[in-house]
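Trainee: Mind having a look at this structure? Questions to follow.
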């Protein structure tokens with residue numbers, strides 16, 4: 004009898020044994036296929052005279068210190084020949100090799116032969132799940148084996164790829180430690196169009212991939228062989244742009260034979276705080292404002308409980324800056340241009356509308372935003388002034404517009420903190436570069452006793468480090484990797500932190 | 018030992034192949050033209066595993082460069098770039114139409130093709146246009162000889178152009194197989210004509226018009 008690594012070609016005979024041994028508790032073909040192919044699982048078959056007579060599988064997520072015996076089965080004719088024992092020894096050796104400190108399994112309480120085998124190997128019962136096996140109503144015993152060796156305590160080295168809009172970002176982290184954060188932006192190529200052109204962004208991603216990767220590796224002083232896992236943004240964002248990062252990330256994961264984690268871009272903006280503070284303090288409200296997003300989130304737990312409180316119902320705040328910059332004859336991107344134009348301007352000179360703040364709107368859109376009416380109001384105001392031949396103060400218009408945007412953003416975010424009883428506000432997204440936004444947020448947070456967190460600007464704009472950091476958080480929490488079949492999800496909800 | 022070529026083409030569907038020189042070891046083609054990003058990872062794993070190979074046994078990656086409509090083409094090129102980075106091997110490009118031409122010219126019908134009776138490869142460019150390339154036969158290494166660069170236009174206009182030039186080609190349209198991308202690469206490599214250019218052949222400018230000016234209201 005020999006024991007060798009199971010391959011997909013073994014699937015049919017494994018399923019035959021599965022059905023014979025487990026009957027109605029059997030796994031589906033697809034489940035078993037995923038188990039055989041997944042990066043974090045290790046399956047073996049026992050072979051006698053060219054016939055597969057048994058199989059067993061271990062699950063061990065990289066860097067997590069716990070491993071699980073997923074399944075074990077031996078054909079009825081071959082029992083009593085210590086084949087199960089040999090398979091178990093193989094799995095335990097693998098678990099040790101992978102630096103696991105504990106191995107868990109569950110067994111039917113009425114399967115005393117198996118239970119005795121596990122006890123002989125040193126497993127002890129630590130828990131019982133009543134009536135776990137249905138419809139028979141049989142209890143499951145949870146057993147654990149502690150392995151004798153010291154944990155290396157190593158944190159996962161994760162490479163993150165971000166391509167949801169116009170920045171190609173590749174970041175490398177070790178656990179919560181930032182090692183590299185390289186960004187290649189196609190912003191200049193969009194300038195003459197007054198906004199991000201999806202096709203131009205996607206073309207630029209393809210060109211930037213390899214140089215950005217090489218630079219990130221050089222900055223972090225690591226080689227690809229050392230990387231434990233790949234993380235990639237799979238949404239929300241521009242579909243064609245996301246697909247470049249996804250295709251690249253999957254191929255890199257396959258070539259390195261490492262697991263892949265498909266993560267949510269917006270949750271990445273929140274999770275990035277771990278790189279500066281070692282952890283994300285929760286609960287926190289997060290206000291994410293960029294050219295593509297204006298979202299208000301309530302984060303009770305980074306990986307398990309992210310709630311979308313509200314978002315823009317039309318333009319993103321960054322888009323409003325770009326469009327008003329055009330109205331004022333300024334260049335793209337509008338944020339810094341309007342900041343410059345507003346110098347010396349009076350922010351209360353013109354009372355521009357604050358979208359969705361009237362009582363009737365607040366009922367339905369308490370935490371939502373709207374900027375298209377504001378943009379139109381500024382355009383009308385300027386056109387009327389010009390039609391009358393009035394010499395208006397451009398600095399006043401810029402300052403008043405900016406004040407309207409900042410006021411509504413900060414008011415709704417602070418309201419959310421107060422109303423939800425959350426003592427923290429985290430800002431993220433490229434519009435955080437706006438000094439007036441930071442200033443007003445600080446004033447009002449101070450007034451309400453709210454702690455304001457603003458990560459470094461290079462971590463606020465779209466970047467790969469935040470994606471790598473979120474991937475590392477998932478790994479350290481023992482989460483299984485994504486499959487290789489996820490796609491780009493332009494409208495991925497924030498409740499989906501990781502796509503399978 | 019490094020010995021395999023990994024070929025990837027997403028100019029029509031998603032096609033991945035593993036070759037040893039010109040010999041095909043394994044190939045996976047998914048015809049769906051909307052799911053390149055979803056299927057590319059599993060296709061790579063399947064092709065490599067079904068050959069019992071490991072990625073470290075791959076010594077070169079070759080990618081189909083199109084011509085093709087934008088989005089899908091990029092998935093294969095992006096995958097090829099970072100697979101090559103991960104495997105630390107060189108990356109090469111092949112014009113995807115060359116693979117279609119090769120499949121035809123390596124068959125029995127090739128005798129009919131000549132400089133005066135060239136082979137016209139046509140693929141769908143969407144928007145009522147086609148991508149097309151002309152071939153006069155195979156060179157001494159066995160690689161297709163492309164006469165003129167790939168281009169895009171309406172099929173009617175193309176036929177008029179060809180008629181004006183007195184060309185009455187043998188016309189084929191086809192699906193690109195990564196196996197043929199790999200075979201063309203093997204021929205080019207033998208003849209010393211391999212190409213490191215992996216730039217995407219979009220043949221169209223991005224759809225965008227410069228900002229029209231500032232009037233936004235009314």
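Protein chains in written order, with our numbering: chain A, 4 to 503; chain B, 18 to 235.
All C-beta atoms, glycine included, are put in the ideal place defined by N, C-alpha and C.
Since the structure is predicted, the reported quantities are computational estimates derived from the model, not experimental observations.
1) Give every residue of the same chain whose Cβ lies closer than 7 Å to the Cβ of residue 345 of chain A, excluding the five residues on either side of it in the sequence, and list them in chain order.
2) With a floor of 4 residues, list each alpha helix (DSSP H) that falls wholly inside the segment 298-342 of chain A, ordered by position along the chain.
3) Is the beta carbon of residue 145 of chain A less than 8 Å from the beta carbon of residue 76 of chain A?
4) Anything in chain B within Cβ reach of residue 200 of chain A, meaning under 9 Å, just list it in chain order.
5) Which chain B residues sit within Cβ distance under 7 Å of residue 436 of chain A?
6) Run through chain B and tell me which residues come within less than 8 Å of residue 29 of chain A, C-beta to C-beta.
7) Could you name the residues of chain B that residue 247 of chain A contacts, counting a contact when the two beta carbons are closer than 8 Å?
8) Of all the options A/195, A/225, A/364, A/449, which has the alpha carbon lying nearest to the alpha carbon of residue 326 of chain A?
9) Give every residue of the same chain whose Cβ lies closer than 7 Å to the Cβ of residue 166 of chain A, excluding the five residues on either side of it in the sequence, and list them in chain order.
10) Taking 8 Å as the threshold (beta carbon to beta carbon), is residue 52 of chain B in contact with chain A?
11) Nearest by alpha-carbon distance to residue 36 of chain A: which of B/48, B/59, B/49, B/214 is it?
12) Mapping the DSSP letters down to three states, classify residue 90 of chain A as helix, strand or coil.
13) Going along the chain, which residues of its own chain have a beta-carbon closer than 6 Å to the beta-carbon of residue 67 of chain A, five neighbours each way excluded?
14) According to the neighbour-count rule (16 or more other Cβ atoms, all chains shown, within 10 Å of its Cβ), is residue 80 of chain A buried or exposed?
15) Is the shortest distance between the beta-carbon of residue 196 of chain A and the beta-carbons of chain B less than 8 Å?
16) Should residue 174 of chain B go down as buried or exposed, given a rule of 16 or more other Cβ atoms within 10 Å for buried?
17) Would you report the Cα separation of residue 445 of chain A and residue 98 of chain A, rounded to the nearest angstrom?
18) Interface residues of chain A around residue 133 of chain B at Cβ under 9 Å?
19) At what residues does the beta strand (DSSP E) containing residue 63 of chain A begin and finish?
20) Given 8 Å as the limit, is there contact between the segment 457-466 of chain A and the segment 197-217 of chain A, that is, 3 or more CB pairs closer than that?
21) Answer with buried or exposed for residue 241 of chain A, where buried requires no fewer than 16 other C-beta atoms within 10 angstroms of its C-beta.
22) By alpha-carbon positions, which one of A/74, A/357, A/42, A/44 ends up nearest to residue 25 of chain A?
23) Hey, does residue 203 of chain A have any beta-carbon neighbour from chain B nearer than 8 Å?
24) Under a three-way DSSP split, which group does residue 450 of chain A fall into?
25) Could you check the C-alpha separation between residue 294 of chain A and residue 101 of chain A for me, to the nearest Å?
26) Should residue 54 of chain B be labelled buried (16 or more other beta-carbon atoms within 10 Å of its own) or exposed?
27) Closer than 8 Å, CB to CB, is residue 11 of chain A near chain B or not?
28) Considering only the beta carbon of each residue, do residue 64 of chain A and residue 472 of chain A sit closer than 8 Å?
29) Whole angstroms are fine: how far does the CA of residue 84 of chain B sit from the CA of residue 458 of chain A?
30) Taking beta-carbon pairs under 9 Å, can you tell me which members of the segment 251-268 of chain A lie near chain B?
31) What number of angstroms, rounded off, separates the C-alpha of residue 488 of chain A from the C-alpha of residue 109 of chain B?
32) Residue 61 of chain A to residue 72 of chain A, Cα distance in whole Å?
33) Verify whether the separation of the beta carbon atoms of residue 332 of chain A and residue 292 of chain A is less than 8 Å.
34) Put residue 296 of chain A into one of helix, strand or coil per three-state DSSP.
35) Tell me whether the segment 164-173 of chain B and the segment 140-151 of chain B touch, counting them as touching only if at least three CB pairs, one residue from each stretch, are closer than 8 Å.
36) Comparing the C-beta of residue 206 of chain A with each C-beta of chain B, is any distance below 8 Å?
Mentor: Taking the geometry as given:
1) Counting from one through the first chain, the residue named residue 345 of chain A turns up at place 342. Taken in chain order, the residues that qualify are 398, 401, 402, 405.
2) The segment 298-342 of chain A contains these whole alpha helix (DSSP H) runs: 320-330.
3) On the first chain, position 142 is the one that residue 145 of chain A refers to. On the first chain, position 73 is the one that residue 76 of chain A refers to. In this structure, residue 145 of chain A sits away from residue 76 of chain A, with a CB-CB distance that is not shorter than 8 Å.
4) In the first chain, counting from the first residue as 1, residue 200 of chain A sits at position 197. Listed by position along chain B, the residues whose Cβ is nearer than 9 Å to that of residue 200 of chain A are 223, 224, 225.
5) Within the first chain, residue 436 of chain A is the residue found at index 433, counting from 1. Ordered by position in chain B, no residue passes the 7 Å Cβ test against residue 436 of chain A, which lies about 22 Å from the chain.
6) Taking the first residue of the first chain as 1, we reach residue 29 of chain A at position 26. Here the premise fails: no neighbours, minimum Cβ distance about 24 Å.
7) Position 244 of the first chain, counted from the start, is the residue given in the question as residue 247 of chain A. Ordered by position in chain B, the residues that pass the 8 Å Cβ test against residue 247 of chain A are 91, 92, 95.
8) As a working note, residue 326 of chain A is residue 323 in the first chain. Here the closest residue by C-alpha is A/195.
9) Counted from its first residue, the first chain places residue 166 of chain A at position 163. So the qualifying residues of the chain are 208, 236, 244, 245, 247, 248.
10) Translated into positions along the second chain, residue 52 of chain B becomes position 35. So yes, residue 52 of chain B belongs to the interface.
11) For the purposes of this step, residue 36 of chain A is taken as the residue at position 33 of the first chain. Ranking the options by Cα distance to residue 36 of chain A, first place goes to B/59.
12) The residue you call residue 90 of chain A lines up with position 87 of the first chain. The answer is helix: DSSP assigns residue 90 of chain A an H, G or I state.
13) Here residue 67 of chain A is taken as the residue at index 64 of the first chain, counted from 1. Excluding sequence neighbours, residue 67 of chain A sits near 481.
14) Counting from one through the first chain, the residue named residue 80 of chain A turns up at place 77. Residue 80 of chain A is exposed by the Cβ-count criterion.
15) Within the first chain, numbered from 1, the residue matching residue 196 of chain A stands at position 193. Cβ-Cβ to chain B under 8 Å: yes for residue 196 of chain A.
16) As a position in the second chain, residue 174 of chain B is number 157, starting the count at 1. Label assigned to residue 174 of chain B: exposed.
17) By 1-based counting over the first chain, the position of residue 445 of chain A is 442. By 1-based counting over the first chain, the position of residue 98 of chain A is 95. Here the alpha carbons of residue 98 of chain A and residue 445 of chain A stand approximately 50 Å from one another.
18) Working through the second chain from its first residue, we reach residue 133 of chain B at position 116. Result: empty, since nearest Cβ-Cβ is about 38 Å, beyond 9 Å.
19) In the first chain, counting from the first residue as 1, residue 63 of chain A sits at position 60. Secondary structure note for residue 63 of chain A: its beta strand (DSSP E) is the uninterrupted segment 54-63.
20) No, they do not touch.
21) Position 238 of the first chain holds residue 241 of chain A. With 16 or more other Cβ atoms within 10 Å, it is buried.
22) Position 22 of the first chain, counted from the first residue, corresponds to residue 25 of chain A. Comparing Cα positions, the closest option is A/74.
23) Sequence index remark: in the first chain, residue 203 of chain A carries index 200 (1-based). Interface with chain B (8 Å Cβ-Cβ cutoff): residue 203 of chain A is included.
24) For the purposes of this step, residue 450 of chain A is taken as the residue at position 447 of the first chain. Note: residue 450 of chain A maps to helix in three-state DSSP.
25) On the first chain, position 291 is the one that residue 294 of chain A refers to. On the first chain, position 98 is the one that residue 101 of chain A refers to. About 43 Å.
26) Translated into the one-based positions of the second chain, residue 54 of chain B becomes position 37. So residue 54 of chain B ends up on the buried side.
27) The sequence position of residue 11 of chain A within the first chain is 8, counting from 1. The beta carbon of residue 11 of chain A sits closer than 8 Å to some beta carbon of chain B.
28) Walking along the first chain from the start, residue 64 of chain A turns up at place 61. Walking along the first chain from the start, residue 472 of chain A turns up at place 469. No; because the gap between Cβ atoms is not below 8 Å, this pair is not in contact.
29) Sequence index remark: in the first chain, residue 458 of chain A carries index 455 (1-based). Sequence index remark: in the second chain, residue 84 of chain B carries index 67 (1-based). The alpha-carbon atoms of residue 458 of chain A and residue 84 of chain B are separated by roughly 43 Å.
30) The residues in question are 251, 252, 253, 254, 255, 256, 257, 258, 259, 260, 261, 263.
31) Residue 488 of chain A sits at position 485 when you count from the first residue of the first chain. Residue 109 of chain B sits at position 92 when you count from the first residue of the second chain. If I take the Cα positions, the gap works out to 26 Å.
32) Taking the first residue of the first chain as 1, we reach residue 61 of chain A at position 58. Taking the first residue of the first chain as 1, we reach residue 72 of chain A at position 69. Each residue's alpha carbon lies about 5 Å from the other.
33) Start at 1 with the first residue of the first chain, and residue 332 of chain A comes out as number 329. Start at 1 with the first residue of the first chain, and residue 292 of chain A comes out as number 289. Taking C-beta atoms as the reference points, residue 332 of chain A and residue 292 of chain A fail to come closer than 8 Å.
34) In the first chain, counting from the first residue as 1, residue 296 of chain A sits at position 293. Here residue 296 of chain A sits in coil by DSSP.
35) Contact holds: three or more Cβ-Cβ distances are below 8 Å.
36) Residue mapping note: residue 206 of chain A aligns to position 203 of the first chain, counting from 1. For residue 206 of chain A, the closest Cβ of chain B is nearer than 8 Å.
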